[in-house]
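Reminder that position 133 of the sequence shown reads as 133 in the UniProt record's numbering, one-by-one numbering, no gaps. Where is the CB? At the ideal position from N, CA and C, for every residue including glycine. Everything below concerns the one structure shown next.
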Amino acid sequence: MRAENPVRDRNPQSTAQIAGHPLHPMLIPFPVAFLVATLVCDLLFWNTGNSAWSTASLYLLGAALVMAALAAVAGLTEFLGDRRIRDLSAAWHHMLGNVVVVLLSLWNWYRRYEAGDAAVLPTGLMISLVVVLLLLYTGWRGWEMVYRHRVAVSDR
């Protein structure tokens, strides 16, 4: 029979938190929503040709990158703060996949900033689609850490 160890038996804790509430899950909805909205604006631009949609997607990408940077700081703090989190393959997939999402989005933003509407079709739209598909995967792996491995779930 295994001896009880109060530290080992506790859920992996968030090291980036305010009053016991982990910051990473509070921040991630923003870049996700902005990146999905970028894809929607790209599709609307493709359908209408109205450059307002292209402009909206540029601003959405910029906002997504700012919020993704904040979420990344909180996520990296958690990743580095507890070895048990680093031991999870889901954590590595989640982190590396989101790094790819940010790099693709940064490239997509820069292309649009430099070339305007011409950067949206077809390449910008394809990048936006790939980013949203990657977010589905990385989100799945992130929730796997919470629901299966109980990362940052209170023991109380």
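Rounded to the nearest angstrom, the Cβ distance from Leu58 to Arg112 is 5 Å, consistent with a contact under 8 Å.
The secondary-structure analysis by DSSP pairs Pro22 across a beta bridge with Gln17.
For Gly81 and Ser89, the gap between their C-alpha atoms comes out near 16 Å. The residues Gly75, Leu76, Phe79, in chain order, have a CB closer than 8 Å to that of Met95 in the same chain once the five nearest residues on each side in sequence are set aside. Excluding the 5 residues flanking it on each side, Leu70 has same chain C-beta neighbours closer than 6 Å at Leu27, in chain order. Between the alpha carbons of Val36 and Thr15 lies a gap of roughly 28 Å. With 16 or more other Cβ atoms inside 10 Å of its own Cβ, Arg141 counts as buried.
Under the three-state reduction of DSSP, Ile85 is assigned to helix. Take the alpha-carbon of Val146 and the one of His93: they are about 14 Å apart.
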